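In the working numbering, the protein residues as written are 73 to 339. Backbone N, C-alpha and C define an ideal beta-carbon position, used for all residues, glycine too. Since we're looking at a predicted model, the values are computed, not measured. One structure is given here, and the rest of the page talks about it.
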């Protein structure tokens with residue numbers, strides 16, 4: 073391997089759970105087995121649900137948290153931008169890893185994920201990027217060991233493949249006993265279990281109204297071959313994602329003279 077025992081010279085880490093999140097510590101342990109130089113640039117506070125957002129109308133502050141470890145007062149996307157445009161502007165990383173997120177990022181929910189958003193932002197800079205998440209069924213007992221035990225092998229396996237330059241990989245480790253984890257599967261995104269975003273409105277002790285947004289999920293099974301279905305079956309899943317979001321209907325409408333065929337009709 074290059075650089076002695078390491079596969080990479082330099083890896084950049086970030087997340088959306090914040091600089092002190094346990095999943096980031098797991099990712100640091102994984103990355104140290106892969107690279108001779110590991111940099112961490114993560115949000116100062118929890119930035120879950122911020123997707124690809126950038127702070128274009130407010131200054132960003134950066135604080136030092138140890139050797140090659142920095143926190144930024146912004147989103148995961150901000151962290152990638154600051155890292156690549158400032159800290160590592162002359163020494164770009166070979167790979168960006170985002171995570172390990174506390175909870176799976178599957179199906180439609182990935183559009184909101186700051187973990188996935190950070191990896192996609194890395195893709196904008198032309199750096200191979202992987203988002204990693206750990207599913208759980210018990211909030212008080214997240215099975216971080218699954219990501220820790222399999223993370224190095226999975227990343228090496230994925231990076232050995234000849235992916236196009238416009239691909240970001242979304243990896244999810246299953247919530248199961250360590251000995252029950254099934255091999256890596258390349259999957260489709262699918263729809264997942266997100267049903268809607270609901271709003272819970274209450275009044276605080278001073279009588280002022282406030283609102284909590286909540287993601288509501290259904291229990292319907294996703295199709296075989298999707299990341300949700302395979303992850304629930306116990307597989308480590310990796311879904312190739314891209315920025316191109318054009319629906320297939322664009323071609324259909326164009327071919328039909330700007331007429332949208334009714335569902336169930338072939339012509």
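174 is the residue among 286, 321 and 174 whose C-alpha sits nearest the C-alpha of residue 89.
Residue state for residue 196 is assigned as helix, using DSSP reduced to three classes.
Note on geometry: alpha-carbon atoms of residue 314 and residue 138 lie some 34 Å from one another. Contact between residue 244 and residue 287 does not hold, since the beta-carbon distance rounds to 16 Å and is not under 8 Å.
Between the C-alpha atoms of residue 294 and residue 258 there is a straight-line separation of about 15 Å. The three-state secondary structure of residue 134, taken from DSSP, is strand.
Here residue 186 is actually not in contact with residue 145; their C-beta atoms are around 14 Å apart, not less than 8 Å.
Beta-bridge analysis with DSSP links residue 206 to 174 and 245. Under the DSSP definition of a beta bridge, residue 288 partners with 268. Residues 288 of the same chain have their beta carbon placed closer than 6 Å to that of residue 268, with the five preceding and five following residues left out of the count. Look at residue 258 here: in three-state DSSP terms it is strand. Judged by their CB atoms, residue 82 and residue 148 are not nearer to each other than the 8 Å cut-off. Residue 264 sits close to residue 180, with the two beta carbons spaced by under 8 Å. A check of alpha carbon separations from residue 225 across 316, 308, 184 and 87 identifies 308 as the nearest.
Annotation for residue 216: the continuous alpha helix (DSSP H) segment containing it runs 216-231.
Excluding sequence positions up to five before and after residue 120, its CB lies within less than 7 Å of the CB of 88, 89 and 186, all in the same chain and listed in chain order. With respect to the 8 Å criterion, residue 242 and residue 190 are not classified as neighbours on the basis of their beta carbons. The beta carbon of residue 260 lies closer than 6 Å to those of 297 and 298 in the same chain, with the five residues before and after it left out. Here the alpha carbons of residue 126 and residue 154 stand approximately 11 Å from one another.
DSSP places residue 86 in the uninterrupted beta strand (DSSP E) bounded by 80-86. Sequence-distant Cβ neighbours of residue 198 in its own chain, meaning closer than 8 Å and more than five residues away, are 237. Per DSSP, the beta-bridge partners of residue 273 are 283. Under the three-state reduction of DSSP, residue 250 is assigned to helix. Look at residue 98 here: in three-state DSSP terms it is helix. Shown here, residue 239 sits in coil according to DSSP, grouped into three states, outside any helix or strand.
No residue range can be given for residue 293, since it is assigned to no alpha helix (DSSP H) and is classified by DSSP as neither H nor E. With fewer than 16 neighbouring CB atoms inside 10 Å of its own CB, residue 94 falls in the exposed class.
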